[in-house]
Amino acid sequence: MSRPFLDLFPVSGVSIATVGPVLGSETLTATDDTALRLDELQFDLGEGPCWDAMRTGSPVLVSDARASSSAVWPTFGPAIVDLDVQAMFVFPVRVGPL
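For the sequence shown, the residue numbers in this note's numbering are 7 to 104.
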């Protein structure tokens, strides 16, 4: 389900997840272990770009994950330092009536 995005966009990993109380928080699909780990960390820590995207309803675009993540997410940011993550682009998709 997430693999077609690798062909459409210049990215190295993709995950698709549900976030929040309606459907629960879980990764539905991930192209690799790093994408899966990013989701797991956000679910476990309760912060990160997926939570911000769902709260605001707007995309969260982080072009330099190592430089800015710790300032924005004090727990999630340091947790991703050892992962090979350069950038994160999170797009919320809502389910239900408009």
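For glycine and all other residues, C-beta sits at the position ideal for the given N, C-alpha and C.
- Same chain only: Cβ atoms within 7 Å of serine 74, ignoring 5 sequence neighbours per side: Val68
- Item | Classification of glycine 63 by the beta-carbon crowding that lies within 10 angstroms, buried from 16 upward | exposed
- Message: I'd like to check one pair, alanine 93 with aspartate 58: are the Cβ atoms closer than 8 Å?
- Response: no
- Task: Confirm, please, whether the CB-CB distance from arginine 100 to valine 87 is below 8 Å.
- Result: no
- Curious, which full-length beta strand (DSSP E) runs of at least 3 residues does the segment 29–54 contain? For the beta strand (DSSP E) assignment, the uninterrupted runs of no fewer than 3 residues enclosed by the segment 29–54 are, from N- to C-terminal side, 32–36.
- Query: What do you get for threonine 35, buried or exposed, if any count of 16 or more other CB atoms within 10 angstroms of its CB means buried?
  - Reply: exposed
- Out of Thr81, Val78, Met60 and Asp13, point me to the one whose CA is closest to threonine 24's CA. Of Thr81, Val78, Met60 and Asp13, the smallest CA-CA separation from threonine 24 is found for Met60.
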